[in-house]
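Student:
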Amino acid sequence: MSKLHVSNHPLVLHKLTLLRDVNTEPKKFRELIREISMLLAYEATADLALEEKSVTTPLAQTKGYALKDVIGLIPVLRAGLGMVEGFWEMMPAAEVWHIGLYRDHKTFEPIRYYSKLPVAPTVQVCVILDPMLATGGTAVEAVNMLKKWGAQKIKYVGLIGAPEGIKRLQDAHPDVDIYLAAVDDHLDEHAYIVPGLGDAGDRQFGTG
Ligand code: URA
Numbered sequence: 479m480s481k482l483h484v485s486n487h488p489l490v491l492h493k494l495t496l497l498r499d500v501n502t503e504p505k506k507f508r509e510l511i512r513e514i515s516m517l518l519a520y521e522a523t524a525d526l527a528l529e530e531k532s533v534t535t536p537l538a539q540t541k542g543y544a545l546k547d548v549i550g551l552i553p554v555l556r557a558g559l560g561m562v563e564g565f566w567e568m569m570p571a572a573e574v575w576h577i578g579l580y581r582d583h584k585t586f587e588p589i590r591y592y593s594k595l596p597v598a599p600t601v602q603v604c605v606i607l608d609p610m611l612a613t614g615g616t617a618v619e620a621v622n623m624l625k626k627w628g629a630q631k632i633k634y635v636g637l638i639g640a641p642e643g644i645k646r647l648q649d650a651h652p653d654v655d656i657y658l659a660a661v662d663d664h665l666d667e668h669a670y671i672v673p674g675l676g677d678a679g680d681r682q683f684g685t686g
C-alpha cells in the first residue's frame with residue numbers, strides 16, 4: 479500500500495483556507511497555489527536520493543551533496559499548471575512534461591487529449607501535479623501513462639483529496655506515494671470534492 483502524506487504544516491493549513499474561500503479571486507488563488515505547492519514540494523521530496531559532492535568554500539574544501547536523480551514534473555492540464563512554479567522554484571533543474579486529461583461529463587472517466595512524452599524516459603523521479611484527487615480516475619490514468627512510458631519512481635502531489643479518489647489510486651498503484659494538503663469528506667453528484675474549493679481550473683484561469 480502506498481503512503482498517504484497529509485500535510486499538517488501551519489502555513490499549508492492557513493493558505494489552504496484562503497484558497498478554499500469562495501471570495502478569493504483568481505490572482506490571489508494562483509499565488510496561493512504556487513505557495514502551497516512550494517511547501518508541498520519540500521514535504522514530497524524529503525526522500526530524494528543524494529550523491530556526495532565536494533565543494534570549496536572561501537575557507538576550505540568540504541563535503542557537500544547534489545540531487546542524484548533528474549526530476550520530472552508532470553502537470554495534468556489544465557489545473558496542474560498552477561502547481562508547476564512552486565515546485566520549479568525549489569528544483570529549477572526539473573524537466574516539465576505536460577499531459578492532458580479531461581473528465582467525461584457523464585461518466586467522469588478520464589479522456590486523454592495531450593501527451594508529448596519522448597520515446598524513453600529522461601527522468602528518474604516523476605512527480606504528478608494535479609490539485610484535486612476526486613474520483614481518482616485521472617490520477618490512475620496519469621500513472622498508467624507514465625508507467626507505460628517506463629517511469630520507475632512516481633509520486634502524486636495534489637492539494638485536496640476525496641477518500642474515494644485516494645482509495646482508487648492506492649488500489650491501482652500501491653507503489654505511488656500520495657502527498658496532499660487535506661483530505662475532504664466526499665464527492666457530490668457531479669464528482670466535485672466537498673467541501674473542496676470548487677473547480678480548480680476555473681478558479682485559476684478565471685473561467686468559472
Ligand atoms: N476537479 C476540480 O477542479 N474540483 C473538484 O472538486 C473535483 C475535480
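Position in the sequence shown counted from 1, then plus 478, gives you this note's numbering.
Ideal placement from N, C-alpha and C gives every residue a C-beta, glycine not left out.
What residue ranges within the region 525 to 601 form continuous beta strand (DSSP E) runs of no fewer than 3 residues, ordered along the chain?
Tutor: 528 to 534, 539 to 545, 549 to 555, 577 to 581, 588 to 593
Student: Please report the straight-line C-alpha distance between V597 and G628, rounded to a whole angstrom.
Tutor: Straight-line Cα distance between these residues: approximately 9 Å.
Student: Start and end of the beta strand (DSSP E) containing D655?
Tutor: 655 to 658
Student: Using CA coordinates, which residue listed in A612, D525, A620, M569 is at the minimum distance from I589?
Tutor: A620
Student: What whole-angstrom Cβ distance do V554 and I606 have, given they're in contact under 8 Å?
Tutor: 7 Å
Student: Should L579 go down as buried or exposed, given a rule of 16 or more other Cβ atoms within 10 Å for buried?
Tutor: buried
Student: Can you tell me which of the three DSSP states H483 falls into?
Tutor: Collapsing the DSSP output to three states places H483 in a strand.
Student: Roughly how many angstroms lie between the CA atoms of K584 and T613, to the nearest whole one?
Tutor: 13 Å
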